[in-house]
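In this note's numbering, the protein residues as written are 216 to 903.
Quick reminder that beta carbons are idealized off the backbone N, C-alpha and C, glycines included.
Encoded as structure tokens, the structure appears first; notes follow it.
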């Protein structure tokens, strides 16, 4: 199930956009777009002239100048309206709800009655409060699960009807306010204060009309302003030249003020200036359609400029459902002994890999119903630093399972050694592209558990596309180098980082940035937060921890690590759209030059009539046709600005050639045809 989307020119969007187009005539709003502000001032000037000296030509030019301003306002308002429409479903989550706040403190597995709660309005909850959420309850605020396991309906956030499992511990403990618990119960600690929830931030983002301009957008605006100032200086000097020429020749008429204003408006880059803001807003809107929340337009633009992608192996490059497939014992150890130790070390491991070890031991050796209390078990949970987990038992037994190098260090620290024969087993498993987990009982290494994973279909072709675009892909994994190398070769990534710790990820990102590259990565755990905070484009999973979401500048509502590739493509599509329309806008000035310049000065310099290559009906018709085309082209380009140009996985050089061929040449040809057709229509109506 996905959210309903409105058509581009849906009446629900067009009507508010038309109203907003007139509201944006406020000079304080117009001033934010310097190029269109020149058109705005020119419209005011010609309006004053039309009132002082009423003429049909002056009135017609004035009317279409105002249309030019209004159409530019309409394009921006329509883009903003689409974003605001996407926020409508999110606003429905802000209904008044009640929370079940627990009395006093709460400790997991304590004898405290989880039903000892007080009703409280959700808006009164504060960070640190502990709440009980039972089946059928609405999650009152963003929180971290500290006890319980439940299925949660997140369709209001993700658009997907399939429930997800949320549980304490690990990277799937975050729950979002406004979602609904479908089964069982959860005890959760509120992680935000009122007004700071994830939904609040999403609504603020998609409704934020005062969007900050991105660096590239600022640079382009400066270029457009510079071009406008050049044309303004040229047009200002044309009047005294015209007056001087008439006086010197003793014949002809000087160019009129209305004609000069029309000339200026047609020559400055009004097309891209009128659509520039709409392109940026539409880029954020397309991210929202992909179920990705970008905290700023900067993040969307940075996604289009990314040079390096850091991708987790599990779940992104591979299917992520690594399952235990075999127990490979060390010399002198039986398979049953290895399976027994591996199962004990995995009883508290709630990851899919840990659970699969427990299941495989049950299937092969009927190992079940372990009496944890009788064994005096004290479980040691996995951390990104140790890269091991296990259990301490009565009698001093220390059962550990983890990466081969981590177990080697652990055994060495206890005074033991790692069998060379087992090292060969580890390497063989790794060469097959599987993941070897080594199990140790104190200083005694028992053997290897083989975990199998599968590379996703089509991922190699996606990486090839990214390579053609000049983007380097780096696979990040906690696996040993042999396993990482096998998966990297099969997937077709450019490089890999094996046995990665949070510090390694951070160092890798900084090294690429020091070389002048922009880096993108995904993450969902607290241990990913430092690297996410460092990356230029940091996509946090919605199912991940609060720390990860706060560190990132984008949040993927679908919690799909592969989405990073789509995010980069969306960012590049926005940059392609901006470049294409900029090329078209500047190119179409050439055709308008041939239309309006000869017509404007033919009364002063009759010889200029030879430049009337389009054979326009009259000077007045030529000038009016150019002004009308200048206004209408903005309307015709609104769909392209909002939908974006068609994405192609090509390099910058190939993209430049394509832009020049399609939008450069098209920007020259289309105005010739459009202005001629408008001139013919004006002549047919007897207005020439």
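query = Is the Cβ-Cβ distance between residue 292 and residue 235 less than 7 angstroms?
reply = Taking the C-beta atoms as reference points, residue 235 is found nearer than 7 angstroms to residue 292.
query = By how many angstroms is the C-alpha of residue 822 removed from the C-alpha of residue 228?
reply = Taking the straight line from one Cα to the other gives about 50 angstroms.
ask   = Measuring CB to CB, does residue 277 end up less than 7 angstroms from residue 261?
value = Yes.
ask   = Hey, how far is the Cα of residue 592 from the Cα of residue 709?
value = Those two C-alpha atoms are separated by around 44 angstroms.
key: Expected contact under 8 angstroms - CB spacing of residue 562 and residue 507 to nearest Å   = 37 angstroms between Cβ atoms; not a contact.
query = Taking residue 796 as the reference, which of 857, 269, 826, 255 has the closest Cα?
reply = With distances taken between Cα atoms, residue 796 lies closest to 857.
inquiry  = To the nearest angstrom, how far is the alpha carbon of residue 636 from that of residue 645?
reply    = If you take the alpha carbons of residue 636 and residue 645, they lie about 15 angstroms apart.
query = In whole angstroms, what is the alpha-carbon distance linking residue 898 and residue 251?
reply = Cα to Cα, residue 898 sits roughly 29 angstroms from residue 251.
inquiry  = So, with DSSP's three-state summary, where would you put residue 540?
reply    = Of the three classes helix, strand and coil, the one that applies to residue 540 here is strand, per DSSP.
request  = Consult DSSP for residue 383 and reduce its assignment to one of helix, strand or coil.
outcome  = Reduced to three states, the DSSP call for residue 383 is coil.
task = Give the C-beta separation of residue 248 and residue 492 to the nearest angstrom, bearing in mind that I take them to be a contact with Cβ-Cβ under 8 angstroms.
result = Right, the Cβ-Cβ distance comes to about 7 angstroms (below 8 angstroms), so this counts as a contact.
inquiry  = Taking DSSP's pairing of strands, which residues face residue 756 in a bridge?
reply    = According to DSSP, residue 756 bridges with 771.
request  = Give, in chain order, every unbroken run of the beta strand (DSSP E) that is at least 3 residues long and sits entirely within the region 575-618.
outcome  = Complete beta strand (DSSP E) runs here, min 3: 593-595, 603-608, 612-617.
4 or more residues per run - each alpha helix (DSSP H) lying fully within the region 825-902 = Contiguous alpha helix (DSSP H) elements confined to the region 825-902 occur at 834-858, 867-874, 880-899, taking only those with 4 or more residues.
ask   = Which stretch, first to last residue, makes up the alpha helix (DSSP H) that contains residue 811?
value = DSSP places residue 811 inside the alpha helix (DSSP H), whose first and last residues are 778-816.
key: Close Cβ partners of residue 342 (< 7 angstroms) along its chain, the five nearest in sequence each way excluded   = Cβ within range, chain order: 405, 406, 407, 408.
ask   = Under the rule that 16 or more other beta-carbon atoms within 10 Å means buried, what is residue 537, buried or exposed?
value = Buried.
message = Does residue 247 come out as helix, strand or coil in the three-state DSSP assignment?
response = Coil.
request  = Locate the beta strand (DSSP E) running through residue 348, then write down its first and last residues.
outcome  = Residue 348 -> beta strand (DSSP E) spans 345-349.
request  = Pick helix, strand or coil for residue 508, following the three-state DSSP scheme.
outcome  = It is a strand residue.
request  = Starting from the C-beta of residue 575, find all residues in its chain whose C-beta is less than 6 angstroms away, skip the five residues before and the five after it, and write them out in chain order.
outcome  = Excluding residues up to 5 positions away in sequence, 539 lie with their Cβ nearer than 6 angstroms to the Cβ of residue 575 in the same chain.
request  = Specify the secondary structure class of residue 684 as computed by DSSP and reduced to three states.
outcome  = Coil.
query = Looking at the structure shown, is residue 651 part of a helix, part of a strand, or coil, going by DSSP?
reply = Residue state, collapsed to three classes: strand.
query = With DSSP run on the structure shown, which of helix, strand or coil describes residue 233?
reply = It is helical.
inquiry  = Which residues does DSSP list as the beta-bridge partners of residue 359?
reply    = Per DSSP, 389, 404.
ask   = By the 10 Å Cβ neighbour count, where 16 or more other Cβ atoms means buried, how is residue 889 classified, buried or exposed?
value = Residue 889 is classed as buried because its beta carbon has at least 16 other beta carbons within 10 Å across all chains shown.
message = Which of the three DSSP states is assigned to residue 634 in this structure?
response = Residue 634 falls in the coil class under three-state DSSP.
message = Please list the terminal residues of the continuous alpha helix (DSSP H) segment that includes residue 719.
response = Judged by DSSP secondary structure, residue 719 falls within the alpha helix (DSSP H) whose first and last residues are 717-729.
message = Using the three-state DSSP reduction, which class does residue 425 fall into: helix, strand or coil?
response = A caution first: residue 425 carries a pLDDT of 41, below 50, which makes its placement in the model unreliable, though a value can still be read off. Of the three classes helix, strand and coil, the one that applies to residue 425 here is coil, per DSSP.
Cβ contact check for the region 390-406 and the region 356-365: 3 or more pairs under 8 angstroms = Yes, they touch.
query = When we look at the beta-carbon of residue 625 and count the other beta-carbons within 10 Å, is it buried (16 or more) or exposed?
reply = Label assigned to residue 625: buried.
message = Between which residues of its own chain and residue 505 is the CB-CB distance below 8 angstroms, once the five residues before and five after are set aside?
response = Counting only Cβ-Cβ distances below 8 angstroms, and skipping sequence neighbours, we find 778, 781, 782, 785.
ask   = Under a three-way DSSP split, which group does residue 764 fall into?
value = In this structure, residue 764 counts as helix in the three-state DSSP scheme.
inquiry  = According to DSSP, simplified to helix, strand and coil, what is residue 266?
reply    = Helix at residue 266.
task = Would you mind stating whether residue 843 and residue 893 have Cβ atoms separated by less than 7 angstroms?
result = In this structure, residue 893 lies closer than 7 angstroms to residue 843 by Cβ.
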